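*Asks:*
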Amino acid sequence: MINLQWLSDRLVYILRWRMDRHPGAENEPDAPEIPAAGLRVWGIFLDLHATRGSNGFGANPIAYADIESWSRLRREPVRPFELDMIRALDATWLEVAAALAKEPDKPKVSSRKVTPALFDAMFG
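For the sequence shown, UniProt numbering assigns the number 1 to the initial residue and increments by one for each residue that follows.
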């Protein structure tokens, strides 16, 4: 049986790692992999995150109503431990996004060279 606290902590770590880097960082050789047991929660979080609203001062947290609507529309029940993980990911995203907003001049520099394939992946 998987340790749910470890899985939640691992998903939060991966989210922080990705947010600290540029888009596409998940393809870097040292990128941490999402554990197979966390793929469903990660996917739900990304679906909900894509519909995140804003209040003019920053992003809104994902509401319980949004999670319930997602579950009802997809006909996929969200289990209590998954809800806890989604909320942990959301809190982390809000925290890191607020910190990044305070440091807009922080350079996002990749160690990777720009190749035609990378350029196409980013802008194609």
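Think of the CB as a built atom: it goes at the ideal place given N, C-alpha and C, for glycine as much as any other residue. Since the structure is predicted, the reported quantities are computational estimates derived from the model, not experimental observations.
Relative to the C-alpha of Ala36, which candidate in Gly124, Leu7 and Glu103 has its C-alpha closest?
*Replies:* Looking at the Cα atoms, Leu7 is the closest of the given residues.
*Asks:* Helix, strand or coil, according to DSSP, for Ala59 in the structure here?
*Replies:* strand
*Asks:* Buried or exposed, going by whether 16 or more other CB atoms sit within 10 Å of the CB of Val41?
*Replies:* buried
*Asks:* Could you check whether Phe45 and Leu89 sit closer than 9 Å to each other, using their CB atoms as the reference points?
*Replies:* yes
*Asks:* Check each candidate in Arg18, Gly38 and Asp9 and name the one with the smallest Cα separation from residue 169.
*Replies:* Residue numbering for the chain in the displayed model covers 1 to 124; residue 169 lies beyond these limits and cannot be assessed.
*Asks:* At which residues does the alpha helix (DSSP H) containing Thr115 begin and terminate?
*Replies:* Per DSSP, Thr115 belongs to no alpha helix (DSSP H) and is neither H nor E.
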